[in-house]
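Shown next, in structure tokens, is the structure this report addresses.
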């Protein structure tokens, strides 16, 4: 089982969108039995909340289901998950801070490091500025690259 968690700040916009998009890709590829897919936030501001309306709407328009609730990332997640995929440099720095001994750094990745179509390094937070379509496009591209990377790495 390949365990992945996507991480953003509040776990109500970007990381649940990435979780839903990646889960949909995995399902369509017939690979669901190989994956456990999750998301979390670096802050506890929205614990227990549904994704924000913009995220729910864009997923609904694309007929991608998502029923998760926000949760805060924990130190235990660093040991549990095989891939900890962050949306931006700040999220990555938060994960590195949480990993005080540095034993899990090899698991940390920024989603857009797997991008094949964009020269952007961070997925911007759409919470205040909107641009959910743009964020979705970035996440979709990053998730495609991530899935291709994992398929090659694990011979799937």
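Numbering (this note's numbering), first residue to last: 98 to 253. Don't be surprised by glycine CBs; every beta carbon is placed ideally from N, CA and C.
- Contact check for residue 232 against residue 111 passes: the beta carbons are separated by less than 9 Å.
- For the set 211, 195, 135, 183, the Cα lying nearest the Cα of residue 249 is the one of 211.
- Pairing residue 100 with residue 163 gives a Cβ-Cβ distance that is not under 9 Å.
- When rounded, the separation of the alpha-carbon atoms in residue 126 and residue 222 is 28 Å.
- Around residue 119, the same chain offers 101, 103, 134, 240, 243, 244 as residues with beta carbons nearer than 8 Å, after the five sequence neighbours per side are excluded.
- Proximity to residue 166 across 159, 186, 144 peaks at 144, based on C-alpha coordinates.
- In the structure shown, residue 240 falls within a helical segment according to DSSP collapsed to helix, strand and coil.
- Looking from the CA of residue 157, the closest CA among 180, 182, 117, 169 belongs to 117.
- Straight-line spacing of the CA atoms in residue 204 and residue 181 works out to 6 Å.
- Rounded to the nearest angstrom, the Cβ distance from residue 216 to residue 235 is 11 Å, too far for a contact under 8 Å.
- Closest option to residue 161, judged by alpha-carbon separation, among 169, 168, 152: 152.
- Minimum Cα-Cα distance from residue 190 among the listed residues 226, 115, 237, 219 corresponds to 219.
- Between residue 186 and residue 128, the alpha-carbon positions lie close to 29 Å from each other.
- Counting other Cβ atoms within 10 Å of its Cβ, residue 139 reaches 16 or more and is therefore classed as buried.
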